[in-house]
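Visitor:
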Amino acid sequence: MTMPAITRNILDAIGNTPCVELNHIVPDGCARVFIKLEGLNPTGSYKDRMARSIIEEAERRGDLKPGMTVVEATGGSTGSSIAFVCAIKGYNFTVVSSDAFAEEKLKTMSAFGATVDIVHSPSGKITPQLIPAMRERAEKLSHGESFYYADQFSNSDVLVGYGSLGRELLDQIPEGIDAFCGAVGGAGMAMGVARVLKQKLPDVRVTVLEPASAPVITKGHGGQHGVEGIGIGFLPPLLDKHLYDDALAIDEAEGRAMARRLAREEGILAGISTGLNVVAALEIAKQLGPGKIVATVACDTGLKYVRGDLYTGK
Ligand SMILES: Cc1ncc(COP(=O)(O)O)c(C=O)c1O
1 MTMPAITRNI
11 LDAIGNTPCV
21 ELNHIVPDGC
31 ARVFIKLEGL
41 NPTGSYKDRM
51 ARSIIEEAER
61 RGDLKPGMTV
71 VEATGGSTGS
81 SIAFVCAIKG
91 YNFTVVSSDA
101 FAEEKLKTMS
111 AFGATVDIVH
121 SPSGKITPQL
131 IPAMRERAEK
141 LSHGESFYYA
151 DQFSNSDVLV
161 GYGSLGRELL
171 DQIPEGIDAF
181 CGAVGGAGMA
191 MGVARVLKQK
201 LPDVRVTVLE
211 PASAPVITKG
221 HGGQHGVEGI
231 GIGFLPPLLD
241 KHLYDDALAI
251 DEAEGRAMAR
261 RLAREEGILA
271 GISTGLNVVA
281 ALEIAKQLGP
291 GKIVATVACD
301 TGLKYVRGDL
311 YTGK
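Here the sequence shown is numbered in the UniProt record's numbering, starting from 1 and rising by one per residue.
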């Protein structure tokens, strides 16, 4: 095994994450299942990939210049990643978030120097109104020439960042990938990866996932849930019908139980959306059967959730 070369810029530590096969939780008679360990990115989430592309594409176009303030509405993963990139590049960052999201994420954004503005969630849950309310506030805060609104939900620059994840999967699984699945929030990851995979493997089946209690894609209505990062309450503008084949709604409790199994049986400490990804990957692996390969993603590190009830639940 070769050691990675010295990295002069910590931004170059983004990506090139390991891809491992799930060895213990995949039942007999199923396809093989591979998972990218995105929690090994610098802030512990695949969002580092898109934060870099959001900022650098805006710089390249001249939309973002030194001295400007970046503004974004985020549950905290994107915010932590943008705060990290802004810290390195010297931009101020104002982030609109909510107490519905993990305290670890809110504190991480502050640690990187961001100004955190909280929209209170009375139920402590992610409701259909919450993300739109956060976006509205971010839009208000970003009026004026010295602000750049990152707008992750409508900004196609995020797809640039996730292209690397797709290319790494193709390199790491030279046998080919029969199916890929991923839970969607803004849908940047799933669409960015699908765009790359489908170009190289036109027959690959791409399945997008959402919480069963907030089935906007599968049933056309939102709902309350506790899966951070996904189920945003409206159809994500980046979701492109040409880039996915089907959509599955996954039970949140099953996803949470799977996150706990991943830790105990596979040694993968990841978040709740990852649990949903793996529930779906096993379902697809069962449908496809032996000889096929399913790939998915461990979106972030479970260290972001240790203060919550994810790992203490039954
Ligand atoms: C933990 C987690 N999982 C999944 C997602 C969904 O990713 P995307 O917005 O690219 O669909 C996010 C996005 O915020 C996230 O934070």
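All residues carry an ideal CB built from backbone N, CA and C; glycine is no exception.
1. Give me, in chain order, the residues of the same chain whose beta-carbon lies closer than 7 Å to that of V160; leave out the 5 immediate sequence neighbours on both sides.
2. Could you tell me which of V306, L303, Y305, E283 sits nearest to T296, measuring between CA atoms?
3. Once you ignore the five residues that flank P128 on each side, which residues in its own chain have a CB closer than 6 Å to its CB?
4. State the CB to CB distance for the pair K36 and L165, rounded to an integer number of angstroms; the pair is presumed to be in contact (CB under 8 Å).
5. By alpha-carbon positions, which one of D171, I131, Y244 ends up nearest to Q152?
6. Hey, would you say P96 sits closer than 8 Å to A73, going by beta carbons?
7. Could you name each continuous beta strand (DSSP E) segment of 3 residues or more that falls completely within the segment 111-154, going from the start of the chain to the end?
8. From the DSSP output, read off the bridge partner residues of R264.
9. For the alpha helix (DSSP H) containing C86, name the first residue and the last one.
10. In chain order, what residues of the same chain lie with their CB nearer than 7 Å to the CB of D63, ignoring the 5 residues before and after it?
11. With a cut-off of 8 Å on the beta carbons, I'd call I25 and R261 a contact; round off their distance for me.
12. So is the beta-carbon of A183 under 7 Å away from any non-hydrogen atom of ligand 1?
13. Just curious, the beta strand (DSSP E) that V208 is in, first and last residue?
14. Since G29 and G289 should fall inside the 8 Å C-beta cutoff, what is the C-beta to C-beta distance between them, to a whole number of angstroms?
15. On the CB-based measure, 16 or more other CB atoms within 10 Å of its CB, does L22 come out buried or exposed?
16. Counting only beta-carbon separations shorter than 8 Å, does P27 have a partner in chain D?
17. Can you have a look at T17 and say buried or exposed, based on whether 16 or more other CB atoms are within 10 angstroms of its CB?
18. Using a Cβ-based criterion (distance less than 7 Å to any ligand heavy atom), does E228 qualify as near ligand 1?
19. Can you tell me where the alpha helix (DSSP H) with K200 in it begins and where it stops?
20. May I have a chain-ordered list of the alpha helix (DSSP H) segments no shorter than 4 residues that lie completely inside the segment 231-313?
21. Tell whether a beta-carbon distance below 8 Å holds between L276 and G302.
22. So, using beta-carbon positions, are I55 and K89 closer together than 8 Å?
23. Out of curiosity, what's the CA-to-CA distance linking K65 and E59?
24. Could you check which residue in D99, G124, L201, L169 has the C-alpha nearest to that of residue 315?
25. Pick out the complete beta strand (DSSP E) segments inside the segment 1-70, 3 residues or longer, and give them in chain order.
26. What residue range is occupied by the uninterrupted alpha helix (DSSP H) comprising V158?
27. Closer than 8 Å is the cut-off here; do at least three beta carbon pairs connect the segment 211-220 with the segment 305-314?
28. Counting along the chain, where does the beta strand (DSSP E) carrying T94 start and finish?
Guide: In this structure, then:
1. Reading the sequence shown from its first residue, position 160 is the one you call residue 160. Here the set comprises S53, E57.
2. As a working mapping, residue 296 is identified with position 296 in the sequence shown. Ranking the options by Cα distance to T296, first place goes to E283.
3. For the purposes of this step, residue 128 is taken as residue 128 along the sequence shown, with counting starting at 1. Cβ within range, chain order: G222, G233.
4. Taking the first residue of the sequence shown as position 1, residue 36 is located at position 36. Taking the first residue of the sequence shown as position 1, residue 165 is located at position 165. At roughly 7 Å, the Cβ-Cβ gap stays under 8 Å, so K36 and L165 are in contact.
5. Looking up residue 152 in the sequence shown gives position 152. Of the candidates D171, I131, Y244, the one whose C-alpha sits nearest the C-alpha of Q152 is I131.
6. Residue 96 sits at position 96 when you count from the first residue of the sequence shown. Residue 73 sits at position 73 when you count from the first residue of the sequence shown. The residue asked about is misnamed: residue 96 is Val in this sequence, not Pro. Taking 8 Å as the Cβ cut-off, V96 and A73 qualify as a contacting pair.
7. 115-119, 147-149
8. Within the sequence shown, the letter at position 264 stands for residue 264. R264 is not bridged to any residue.
9. Working through the sequence shown from its first residue, we reach residue 86 at position 86. Counting along the chain, the alpha helix (DSSP H) containing C86 begins and ends at 77-89.
10. Here residue 63 corresponds to residue number 63 of the sequence shown, with the count starting at 1. Correct list, in chain order: Y148.
11. Residue mapping note: residue 25 aligns to position 25 of the sequence shown, counting from 1. Residue mapping note: residue 261 aligns to position 261 of the sequence shown, counting from 1. Indeed, because the Cβ distance is near 6 Å, the residues count as touching under 8 Å.
12. Locating residue 183 in the sequence shown gives position 183, counting from the first residue. Yes, ligand 1 has a heavy atom inside 7 Å of this Cβ.
13. By 1-based counting over the sequence shown, the position of residue 208 is 208. Looking at the DSSP string, the run of the beta strand (DSSP E) that includes V208 is 205-211.
14. As a position in the sequence shown, residue 29 is number 29, starting the count at 1. As a position in the sequence shown, residue 289 is number 289, starting the count at 1. Going by Cβ atoms, the distance from G29 to G289 rounds to 7 Å, so yes, they are a contact pair.
15. For the purposes of this step, residue 22 is identified with residue 22 of the sequence shown, where counting begins at 1. That one is buried.
16. Included in the structure is just one protein chain, with no chain D present.
17. Here residue 17 refers to the residue found at position 17 when the sequence shown is read from its first residue. Buried, by the Cβ-count rule.
18. By one-based count along the sequence shown, residue 228 stands at place 228. For ligand 1, at least one heavy atom lies less than 7 Å from the Cβ of E228.
19. Here residue 200 corresponds to residue number 200 of the sequence shown, with the count starting at 1. Segment 188-200, the alpha helix (DSSP H) holding K200.
20. 252-261, 272-288
21. Along the sequence shown, one-based indexing puts residue 276 at 276. Along the sequence shown, one-based indexing puts residue 302 at 302. No. Outside cutoff.
22. As a working note, residue 55 is residue 55 in the sequence shown. As a working note, residue 89 is residue 89 in the sequence shown. In this structure, K89 lies closer than 8 Å to I55 by Cβ.
23. Against the sequence shown, residue 65 aligns to sequence position 65. Against the sequence shown, residue 59 aligns to sequence position 59. Answer to the nearest angstrom: the Cα atoms are 6 Å apart.
24. Because the chain in this structure spans residues 1 to 314, residue 315 falls outside the shown range and cannot be described.
25. 19-21, 32-37
26. Numbered from its first residue, the sequence shown carries residue 158 at position 158. Unbroken alpha helix (DSSP H) run through V158: 157-172.
27. no
28. Taking the first residue of the sequence shown as 1, we reach residue 94 at position 94. Run containing T94: 92-98, per the beta strand (DSSP E) assignment.
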